[in-house]
Amino acid sequence: MTCVAPSTPVTNQHDLKEVLKQTQGVPFYQRPEWAQALALPHPVWANLPHLTKEDFRQNSPTGFLPDRFDLATLAQSGIIEEENTSGTSGTSVRVIFGSTWWAEQEARALRQNRLIRQVLQENPLARRAVFTTPGCSGVSCYARWLNYDQRILGQTLFVNQSRIPFTIPEEKYAQMAEETLRWNPAFLDVDPVHGMAFALYCERHHIRFPNLRFILTSYEYTSVVHRRIMNRVFGVPIINLYGSSETGHLLIEKEDGYLVPSEETALLEIDSPQASRIGQLLVTTLTNPYLPLIRYEIGDYVEKESRGYQVHGRMRDALLDQNGMMVTTRQIDELFSDLEKVAHYQLRQNSDGDCELLLLPEKSGDPLTETIAVISERLKKRLGFAINCQSVSLITPEDSGKFRLTAQFVQK
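And the structure:
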């Protein structure tokens, strides 16, 4: 069974036909299973195939480019930008979009949050400072060493140039803080792990940013431990912005903690929700004519309630309890909601079900003895498996530069 979220504007055949016009002349959608479904006089949305991650990897960008366009001509004319996805779910993939599309779709999403809308209305040229892993996306961060002036693009300063925030020396953090103070941003745009590490540096040195109004978290799953630290240090709202390079920004957090969709950018569905209302998110893009994606399996678990959405993390990062039931990253992360002293963590489950929990303390060298006792008991109760827990000095990211809070690993 497929549950189409109430926000989906495909409410009649006219709307459906308008959405499916995007597939005309697109090589990928000429495949037999798609062509047959699309050729029906009255296609049924729920009966359309899914677009899988593997389909996307093998065919992007040329397989999704309508035949009325020529990629080389578009690139030479400067009409499009060509980027690579971060590779969080596997191999990095080329994507294309109009030269103004990224900024336009982001602006649509940001306007859904009342505070951000107010800040940007008061100051349309509000400055932002970006903290994320270098090279994650050509439109949002840099992959080579640049000086301060070279890292300014419009109203944005790209601050971080290091891949692992836990290994950045104090003198480099001092430079980052000085540059951010000089830039005087209205908001920070952060990968939550990089944002948390920078916040701890600022806390140690009593650094505050006088005009800071809010912090956007994106790029990867934001843990309650990251959120708690950034809120404690900077004292401003932490707002989660969810999306991907290939789809744009899809959801943004509102004041009550739930996320609302950017309906002009995409249609959202939750496929095969469990009794818990958690299912795989399917995305149909609406505004990128160069990369139309229909019922795309973005690779995340999402929950839909009357008040909005909750993102549960990557499907590949979900664990299993002793009864073989799925446990999402969000469900694990909730167990940390009242735990102090933890800056970051990773819970690794092997093929036998047993788990290893790595805890990175806020203060270097802290054994976290009491915390380990509490969280080990909670995890054992939730999963039903043995938990080996230890305080560590370093947790490394994936090849993409992003971190995994939960992960399954095959025993060697």
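Read left to right, the sequence shown gives residues 96 to 507 (this note's numbering). Heads up, the beta-carbon is just placed ideally off N, CA and C, and yes, glycines get one too.
- Distance from the CA atom of glutamate 348 to the CA atom of tyrosine 337, rounded to whole angstroms, is 9 Å.
- Around the C-beta of glutamine 153, fewer than 16 other C-beta atoms lie within 10 Å, and the residue is accordingly described as exposed.
- Runs of the alpha helix (DSSP H) spanning 4 or more residues and lying entirely within the segment 189-235 occur at 196-205, 209-217, in chain order.
- In its chain, beyond the 5 residues on either side, Asp416 have a beta carbon closer than 6 Å to the beta carbon of leucine 478.
- Isoleucine 211 and phenylalanine 282 have their alpha carbons spaced roughly 9 Å apart.
- In the same chain as glutamate 315, and ignoring 5 residues on each side of it, the C-beta atoms closer than 8 Å to its own belong to Thr183, Asp286, Pro287, Val288, Lys497, Phe498, in chain order.
- In terms of Cβ geometry, threonine 147 and alanine 224 do not form a close pair [threshold 8 Å].
- Between the segment 382-400 and the segment 326-344, the count of C-beta pairs closer than 8 Å reaches three or more; the two stretches touch.
- The Cβ-Cβ distance between arginine 222 and proline 280 falls below 8 Å.
- In terms of Cβ geometry, proline 138 and glutamate 128 do not form a close pair [threshold 8 Å].
- Counting along the chain, no alpha helix (DSSP H) covers serine 313, and no H or E run does either.
- Excluding the 5 residues flanking it on each side, isoleucine 263 has same chain C-beta neighbours closer than 6 Å at Ser257, in chain order.
- Spatial neighbours of glutamate 177 in its own chain (CB-CB distance under 8 Å, excluding positions within 5 residues in sequence) are listed in chain order as Pro156, Ala170, Arg189, Val190, Ile191.
- DSSP places proline 127 in the uninterrupted alpha helix (DSSP H) bounded by 127-134.
- Contact annotation: leucine 453 and glutamine 444 have beta-carbon atoms that are not nearer than 8 Å.
- Listed as beta-bridge partners of glutamine 369 by DSSP are no residues whatsoever.
- For alanine 269, the enclosing alpha helix (DSSP H) begins and ends at 265-278.
- Going by DSSP, threonine 464 is part of the alpha helix (DSSP H) stretching over 464-478.
- Here the segment 237-251 does not lie against the segment 328-335, with fewer than 3 beta-carbon pairs under 8 Å apart.
- By the 16-neighbour rule on beta-carbons within 10 angstroms, arginine 308 is buried.
- Per the C-alpha coordinates, the member of Glu298, Glu429, Glu201, Ala167 positioned closest to aspartate 284 is Glu201.
- Distance from glutamate 358 to leucine 377 at the Cβ level is roughly 15 Å; contact not present, criterion being Cβ atoms closer than 8 Å.
- Here the alpha carbon of tryptophan 196 sits roughly 21 Å from the alpha carbon of threonine 227.
- The shortest C-alpha to C-alpha distance from glycine 460 to any of Ala438, Gly448, Arg473 is the one to Ala438.
- Per the coordinates, the alpha-carbon of leucine 295 lies some 27 Å from the alpha-carbon of glutamine 405.
- Within the DSSP secondary-structure output, glutamine 485 pairs in a beta bridge with Leu453.
- In the DSSP assignment, glutamate 178 falls within the beta strand (DSSP E) that extends over 175-179.
- A straight-line Cα-Cα distance of about 16 Å links leucine 252 and threonine 312.
- The residue from Pro387, Leu430, Asn179, Lys436 with its alpha-carbon nearest to that of proline 122 is Pro387.
- Between glycine 173 and serine 194, the gap from beta carbon to beta carbon is short of 8 Å.
- DSSP places methionine 325 in the helix class (H, G or I) of the three-state scheme.
- Our two residues, methionine 410 and glutamine 375, have alpha carbons roughly 8 Å apart in a direct line.
- Assignment of beta strand (DSSP E) within the segment 379-453, counting only whole runs of 3 or more residues, yields 391-400, 403-409, 437-444 in chain order.
- Taking 8 Å as the upper bound for CB-CB distance, histidine 407 and isoleucine 373 are in contact here, some 6 Å apart.
- Under DSSP, glycine 374 shares a beta bridge with Val397.
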